[in-house]
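Residue numbers (this note's numbering), protein chains in the order written: chain A, 8 to 544; chain B, 8 to 544. Everything below concerns the one structure shown next.
Number of protein chains: 2
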Amino acid sequence: MEDALSGLEGSRPGRGFEPLSPVSFLLRSARVWEDRLATGGDAQASTYGDLLLHVERAAGALRAAGVGPGDRVAVLLPNVAAMLELHFAIAGIGAILVSLNTRLSARECRIVLQRAQVQLLVAFGDYQDRVEEAVDGWDDAPELWLVASPPGTRSYEERKACADPVEIKAPDERSPLSINYTSGTTGVPKGAVYTHRGAFLHSLGVIAEARMDARSRYLWTLPMFHCNGWAYPWAVTAVGARHVLMESFDPEHAWELIAEYGVTHFCGAPTVMSMLVDAAGASKVDHGVRAFVGGAPPSPSLLRQAEELGISVTHLYGLTESYGPIIVCAWNPDWDALPAADRARLRARQGVETVVSAPFRIVDDGFEDTPADGETVGEVLLRGNNVTLGYFDDPEATDRAFSGDWFHTGDLAVRHPDGYLEIRDRAKDIVISGGENISANEVEQALAEHPGIRESAVVGVPDEKWGEALVAHVLIRDGVDRPDRAELVRFLRGRLAGYKIPRRYVFPDDLPRTATGKIQKFRLRETAKGEEQTVNS
Amino acid sequence: MEDALSGLEGSRPGRGFEPLSPVSFLLRSARVWEDRLATGGDAQASTYGDLLLHVERAAGALRAAGVGPGDRVAVLLPNVAAMLELHFAIAGIGAILVSLNTRLSARECRIVLQRAQVQLLVAFGDYQDRVEEAVDGWDDAPELWLVASPPGTRSYEERKACADPVEIKAPDERSPLSINYTSGTTGVPKGAVYTHRGAFLHSLGVIAEARMDARSRYLWTLPMFHCNGWAYPWAVTAVGARHVLMESFDPEHAWELIAEYGVTHFCGAPTVMSMLVDAAGASKVDHGVRAFVGGAPPSPSLLRQAEELGISVTHLYGLTESYGPIIVCAWNPDWDALPAADRARLRARQGVETVVSAPFRIVDDGFEDTPADGETVGEVLLRGNNVTLGYFDDPEATDRAFSGDWFHTGDLAVRHPDGYLEIRDRAKDIVISGGENISANEVEQALAEHPGIRESAVVGVPDEKWGEALVAHVLIRDGVDRPDRAELVRFLRGRLAGYKIPRRYVFPDDLPRTATGKIQKFRLRETAKGEEQTVNS
């Protein structure tokens with residue numbers, strides 16, 4: 008057998024082997040769909056041929072600025088064309104893309120830029136003050152380019168215009184493509200490393216699930232900085248569909264774009280979905296729209312409203328570390344005939360691994376798989392090609408996050424008798440509000456800087472609009488006047504991104520604790536639901 | 008950078024890495040779609056859960072028979088459930104699947120069995136005489152199991168029933184999954200080796216192109232022994248769609264199954280397509296059927312007929328060495344509005360590489376890329392994950408077939424200005440009739456064994472029903488009586504599979520030759536089209 012296969016081992020990369028990379032998707036679409044429109048919406052209409060040219064010029068500009076393989080380039084951009092271009096330009100020269108959440112404060116931006124050891128930052132012109140504040144007094148600060156800013160030396164567009172195009176190509180498939188920072192439970196951002204191989208496969212999983220083709224129109228309701236836009240920058244490009252760019256999410260504008268472009272697909276948190284269905288401009292679409300919703304289960308009423316508008320909803324689950332959604336509530340056609348309430352209950356489950364993903368596990372404290380009884384809660388573990396290699400420059404955090412090859416999500420779930428996973432609770436102290444992950448610990452640390460606050464405990468409570476809303480339980484130091492809500496909000500601004508600032512504050516005499524003194528947050532969540540001592544925004 | 012990524016190189020298989028294999032597709036579908044029907048049609052209805060059980064039992068039987076990783080197991084089966092099972096069972100224990108064309112003669116079977124050094128042959132009961140003849144007097148003959156045969160020691164089903172199930176799993180992704188034999192131009196069968204990685208990726212390409220999901224019903228018009236059924240055994244399983252098995256193709260029966268099962272997808276040569284549209288039972292389908300046609304361009308009238316029946320046709324191109332179709336005439340929505348004649352002309356082009364495939368080349372004799380002018384003819388070269396590693400136990404043939412990493416298809420084509428490929432001629436002496444590749448050389452060698460024949464030249468000519476039909480030009484030895492058609496057909500039977508036997512014979516005085524004496528087959532093809540001296544079947 009060994010002899011018979013001699014020369015066939017495929018050890019030579021090339022024969023029977025081509026590295027997997029989403030960079031190939033753009034190269035192919037620029038050939039196959041050269042004259043088809045790649046972009047639209049708030050961005051200029053541009054063909055796939057033009058998109059590649061823009062990307063090659065951006066790659067040329069990066070190269071001219073000294074960016075090489077393995078270097079980190081950060082972007083702080085809304086869903087503009089430059090954001091899409093840079094997904095391919097940075098990857099296509101073997102550099103690593105670090106997308107920053109556009110809602111981060113200057114201080115938070117600086118922490119990520121430092122941790123990722125970023126060489127260059129491309130930011131939206133509107134954010135100029137913030138990024139200048141972020142790099143203020145930093146000797147070794149990254150170079151700064153601005154998108155859509157007045158003409159000047161820092162202009163991204165001018166850099167591009169002057170650059171010689173550079174050919175983009177797929178590097179080694181196991182090399183890092185991007186680093187996506189998660190605030191994590193400790194409040195210290197951790198950078199989940201994605202590979203070219205993982206992103207290529209994850210994209211094919213998206214295509215299989217979303218069933219997109221060259222006729223599809225994808226509306227960019229989801230920020231592209233979230234887990235690289237759940238792989239849609241690559242997947243939409245791969246099939247030659249059209250990116251309908253929306254600079255920032257606005258439900259009324261979204262409906263205009265849905266009508267104008269005949270949008271077929273979009274993604275988002277349930278918050279986005281509920282803002283859409285409640286919008287004044289909402290009107291039934293006849294051609295069928297598929298929405299992919301993650302971050303929290305869509306409620307039965309949301310599902311009903313969406314259905315009435317001609318939008319079919321697929322529920323997803325994932326984390327930054329799993330390239331975004333890796334679990335999908337795959338719809339069993341046998342369920343079609345069930346009553347609406349049953350269907351809503353089934354659709355609220357997170358589901359099963361996608362077709363390109365390795366099976367998940369749900370384990371108890373002894374690392375044993377829990378029974379598929381729909382009752383026994385265990386921790387969700389993930390592994391496979393579309394799970395992060397680990398955290399950038401943080402071997403300790405990487406070690407803590409993995410048991411062998413298994414990544415600990417920190418999320419607690421049950422496995423139903425049919426194998427579908429349903430999340431019950433998050434073991435990690437994370438609140439998801441409006442689709443954003445918020446570390447309760449990070450908010451508590453910021454509150455601790457206030458001279459009048461002795462201790463605090465921040466929890467999320469169910470919220471119709473945001474999925475979860477933050478409630479801060481604050482213990483005041485003896486002999487100090489109780490600060491009011493407005494003062495605390497003012498205090499936190501500048502320290503935290505706006506979406507991390509609690510709108511509700513409770514001032515109890517003490518916090519419920521375990522025998523060992525650990526705060527019992529589940530009790531706080533229960534009482535906070537019906538709490539009277541709150542100040543609502 | 009190296010330090011920052013320490014421990015993240017993914018050198019440990021497992022963290023951020025999972026081997027790619029179609030075996031994973033069945034494992035996932037048996038979890039996700041456990042109670043959904045996997046099979047139907049001529050086969051017993053069986054769920055995905057049951058299919059996995061059958062596969063595990065088949066794997067157990069193979070293991071018990073001493074089959075291990077790297078061993079070759081041949082199958083000589085029509086589209087029965089066992090054929091589908093064995094695609095997963097053999098791969099799932101790391102052994103290698105060798106599918107034989109069910110129309111091969113005993114002699115031809117033996118040659119492939121010997122060349123592949125097969126340890127076990129699983130054959131359809133109806134073929135018992137033929138396979139016994141194939142192994143007759145062969146000391147080291149492979150063990151023989153029979154499917155759907157009367158009870159006895161050789162029964163595949165009995166072996167399975169007695170076996171302990173064995174867990175199937177994905178082996179190393181670069182390891183061989185199957186060997187598919189092509190008769191090639193020399194008449195000596197060459198075994199193209201497919202890998203698990205290649206098959207996994209090729210399947211995802213099929214899913215993206217065919218846009219199948221759990222509601223799809225795939226009709227098995229294409230024999231599964233053709234390039235592993237163009238990856239549909241894996242792709243249909245991956246999405247949890249239903250395999251509507253048809254033991255052997257019959258157009259009237261196909262229409263019954265289309266109606267009964269609500270078939271959504273099928274594949275085949277244009278011959279299959281034209282038999283279908285011409286069938287008495289043909290009737291318009293309302294739910295939309297997608298047909299994938301390869302082997303020859305579908306004619307404008309065929310396309311029109313299909314369209315009228317509610318079948319949309321996609322034209323494909325590929326070879327055994329490229330896992331079946333690797334080039335697809337990707338339909339540009341901008342073409343929808345063109346007149347029917349223009350659309351037919353565009354659809355007759357073979358197209359572009361699929362989304363998982365590397366770009367092809369078309370080169371001249373100096374290995375330079377030809378211009379995209381729609382006129383300059385060059386040879387088509389392929390490479391990438393879904394191109395064979397090479398030929399099993401035949402390093403010389405492998406070396407001849409490759410220039411570096413590029414596989415020489417032997418097919419001549421032009422590249423149109425929009426990048427689409429169109430085949431102009433086959434440089435290799437292959438005739439494609441009824442979707443089967445036939446080596447003209449092999450037929451000529453068989454004719455040469457006839458005592459009255461001095462020399463022959465076999466060509467293919469366009470044929471309404473079969474795509475191409477074989478015409479043999481035969482030179483008779485001096486002083487010998489000219490054999491008639493019936494005698495030659497009788498003579499070739501037993502030497503060749505029926506589909507390789509020419510139905511038309513021409514007896515010229517000499518053959519057109521080049522200055523160096525090489526037969527000018529293109530002239531024979533031209534004259535044969537209007538030939539009068541033929542005997543039609």
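Here a beta-carbon is modelled for each residue, glycine too, at the ideal position from N, C-alpha and C. Since the model is a prediction, treat every value here as computed from it, not as a measurement.
Could you check if Val251 (chain B) is buried or exposed, using at least 16 other CB atoms within 10 Å of its CB as the buried criterion? Here residue 251 (chain B) refers to the residue found at position 244 of the second sequence. Buried.
Within chain A, the residues that Arg222 (chain B) reaches when beta carbons sit closer than 8 Å: Along the second sequence, read from residue 1 onward, the residue named residue 222 (chain B) stands at position 215. Here the neighbours are Pro340.
Three-state class that DSSP yields for Cys336 (chain B) in the structure shown: Locating residue 336 (chain B) in the second sequence gives position 329, counting from the first residue. Cys336 (chain B) falls in the coil class under three-state DSSP.
Got a sec: which bits of the segment 200-228 of chain B sit with their beta carbon under 7 Å from any beta carbon on chain A, in order along the chain? The residues in question are Val200, Thr202, Gly205, Leu211, Ile214, Ala215, Arg218, Asp220, Ala221, Arg222.
Rounded distance between the beta-carbons of Gly505 (chain B) and Gly474 (chain B), thought under 8 Å: Taking the second sequence and counting its residues from 1, one reaches residue 474 (chain B) at position 467. Taking the second sequence and counting its residues from 1, one reaches residue 505 (chain B) at position 498. Not quite, the Cβ-Cβ distance comes to about 16 Å (not below 8 Å), so this is no contact.
Can you name, in chain order, every residue of its own chain whose Cβ lies under 6 Å from the Cβ of Pro258 (chain A), other than the five neighbours on each side? Stepping through the first sequence from its first residue, residue 258 (chain A) is reached at position 251. Excluding sequence neighbours, Pro258 (chain A) sits near Met282, Leu283, Ala286.
Please report whether the beta-carbon of Leu6 (chain B) lies at a distance below 8 Å from any beta-carbon of chain A. Any question about residue 6 (chain B) goes unanswered here, given that chain B covers just 8 to 544.
Contact set for His423 (chain A): own chain, Cβ-Cβ below 6 Å, skip 5 residues either direction: Along the first sequence, one-based indexing puts residue 423 (chain A) at 416. Counting only Cβ-Cβ distances below 6 Å, and skipping sequence neighbours, we find Gly381.
Following the continuous alpha helix (DSSP H) through Ile214 (chain A), name the residue where it begins and the one where it ends. As a first step, residue 214 (chain A) is located in the first sequence; it is residue number 207 there, counting from the start. Element bounds for Ile214 (chain A): 203-217.
Following the continuous beta strand (DSSP E) through Glu150 (chain B), name the residue where it begins and the one where it ends. Residue mapping note: residue 150 (chain B) aligns to position 143 of the second sequence, counting from 1. 150-154 is the span of the beta strand (DSSP E), which, as asked, contains Glu150 (chain B).
Closest to Val213 (chain A) by CA distance: which of A:Tyr239, A:Leu353, A:Pro178, A:Gly467 is it? If you number the first sequence from 1, residue 213 (chain A) lands on position 206. Nearest C-alpha to Val213 (chain A): A:Tyr239.
For Ala313 (chain A) and chain B, any beta-carbon pair shorter than 8 Å? Here the question's residue 313 (chain A) lines up with position 306 in the first sequence. Not an interface residue.
Roughly how many whole angstroms lie between the Cα atoms of Val542 (chain A) and Ile334 (chain A)? Against the first sequence, residue 542 (chain A) aligns to sequence position 535. Against the first sequence, residue 334 (chain A) aligns to sequence position 327. Unreliable positioning characterises Val542 (chain A) in this predicted model, as indicated by a pLDDT of 38, which lies under 50. The coordinate reading is nonetheless provided below. Cα to Cα, the separation comes out at about 37 Å.
Name the chain A residues whose beta carbon is nearer than 7 Å to that of Ala365 (chain B)? One-based indexing of the second sequence puts residue 365 (chain B) at position 358. Within chain A, the residues near Ala365 (chain B) are Glu25.
When you compare only the Cα positions, how much space is there between Lys167 (chain A) and Gly99 (chain A)? The residue labelled residue 167 (chain A) in the question sits at position 160 within the first sequence. The residue labelled residue 99 (chain A) in the question sits at position 92 within the first sequence. Approximately 15 Å, taken between the alpha carbons.
Report, in whole angstroms, the separation of the C-beta atoms of Val39 (chain B) and Gly426 (chain A), which I expect to be a contact under 8 Å. Indexing the second sequence from 1 puts residue 39 (chain B) at position 32. Indexing the first sequence from 1 puts residue 426 (chain A) at position 419. Taking the Cβ atoms as the reference, Val39 (chain B) lies roughly 7 Å from Gly426 (chain A), within the contact range of under 8 Å.
Does Arg22 (chain B) get closer than 8 Å to chain A when you measure Cβ to Cβ? Taking the first residue of the second sequence as 1, we reach residue 22 (chain B) at position 15. Yes, because at least one Cβ of chain A sits closer than 8 Å to the Cβ of Arg22 (chain B).
Interfacial residues, the segment 69-89 of chain B to chain A, with Cβ spacing under 8 Å: So the list reads Gly77, Asp78, given in the order they occur along the chain.
Taking CB distances under 8 Å as the criterion, tell me whether Leu396 (chain A) reaches chain B. Counting from one through the first sequence, the residue named residue 396 (chain A) turns up at place 389. Taking Cβ atoms only, chain B reaches closer than 8 Å to Leu396 (chain A), which makes this a yes.
Using DSSP with H/G/I as helix, E/B as strand and the rest coil, what is Pro183 (chain A)? The residue you call residue 183 (chain A) lines up with position 176 of the first sequence. The answer is strand: DSSP assigns Pro183 (chain A) an E or B state.
If the criterion is Cβ atoms closer than 8 Å, does the pair Leu127 (chain A) and Glu150 (chain A) meet it? Your numbering for residue 127 (chain A) matches position 120 in the first sequence. Your numbering for residue 150 (chain A) matches position 143 in the first sequence. In contact: Leu127 (chain A) and Glu150 (chain A) (Cβ atoms closer than 8 Å).
Per-residue contacts from Phe299 (chain A) into chain B (C-beta, under 7 Å): Working through the first sequence from its first residue, we reach residue 299 (chain A) at position 292. In chain order: nothing, as chain B lies at least about 14 Å away.
Proximity test, Cβ basis, 8 Å: Arg38 (chain A) and chain B: If you number the first sequence from 1, residue 38 (chain A) lands on position 31. Chain B contact via Cβ: present.
In or out: Lys472 (chain B) buried (at least 16 other Cβ within 10 Å) or exposed? Here residue 472 (chain B) corresponds to residue number 465 of the second sequence, with the count starting at 1. Counting Cβ neighbours within 10 Å, Lys472 (chain B) comes out exposed, since fewer than 16 surround it.
Based on Cα-Cα distance, which residue from A:Pro458, A:Phe409, A:Ile445, A:Pro178 lies nearest to Val465 (chain A)? Translated into positions along the first sequence, residue 465 (chain A) becomes position 458. Taking only the C-alpha atoms, the option nearest Val465 (chain A) is A:Ile445.
Using 8 Å as the threshold, is the C-beta distance between Asn392 (chain A) and Phe24 (chain B) below it? For this step, residue 392 (chain A) is matched to residue 385 along the first sequence. For this step, residue 24 (chain B) is matched to residue 17 along the second sequence. A contact, by the Cβ cut-off of 8 Å.
So which residues on chain A does Arg43 (chain B) lean against when the C-beta distance must stay under 9 Å? Position 36 of the second sequence holds residue 43 (chain B). Residues of chain A passing the Cβ test: Asn339, Pro340, Asp341.
Using DSSP's beta-bridge definition, name the partner residues of Trp413 (chain A). For the purposes of this step, residue 413 (chain A) is taken as residue 406 along the first sequence, with counting starting at 1. Answer is A:Ser410.
Can you tell me the Cα-Cα spacing of Leu389 (chain A) and Ala276 (chain A), whole angstroms? Here residue 389 (chain A) refers to the residue found at position 382 when the first sequence is read from its first residue. Here residue 276 (chain A) refers to the residue found at position 269 when the first sequence is read from its first residue. C-alpha separation (whole angstroms): 22 Å.
Tell me the rounded alpha-carbon separation between Arg532 (chain B) and Gln452 (chain B). Along the second sequence, one-based indexing puts residue 532 (chain B) at 525. Along the second sequence, one-based indexing puts residue 452 (chain B) at 445. Their Cα atoms are separated by approximately 19 Å.
List the residues of chain B that Gly441 (chain A) touches, going by C-beta distances under 7 Å, in chain order. Taking the first residue of the first sequence as position 1, residue 441 (chain A) is located at position 434. Chain B residues near Gly441 (chain A): none, gap ~30 Å exceeds 7 Å.
Candidates A:Ala88, A:Val513, A:Leu229, A:Asp488, of which the one nearest Met280 (chain A) by Cα: Within the first sequence, the letter at position 273 stands for residue 280 (chain A). Of A:Ala88, A:Val513, A:Leu229, A:Asp488, the residue nearest in Cα terms is A:Leu229.
Under 8 Å between C-beta atoms, does Ala420 (chain B) make it to chain A? Residue numbering aside, residue 420 (chain B) sits at position 413 when the second sequence is read from its first letter. By this cut-off, Ala420 (chain B) is not an interface position.
If we count the other Cβ atoms within 10 Å of its Cβ and call it buried at 16 or more, is His560 (chain A) buried or exposed? Examination of residue 560 (chain A) is not possible in this model, given that chain A is present from 8 through 544 alone.
Burial state of Glu449 (chain A), where buried means 16 or more other Cβ atoms lie within 10 Å: As a first step, residue 449 (chain A) must be located in the first sequence, where it is residue number 442. Per the 10 Å Cβ criterion, buried.
What is the residue span of the alpha helix (DSSP H) that Arg500 (chain B) lies within? Here residue 500 (chain B) corresponds to residue number 493 of the second sequence, with the count starting at 1. Neither: Arg500 (chain B) is in no alpha helix (DSSP H) and is coded neither H nor E.
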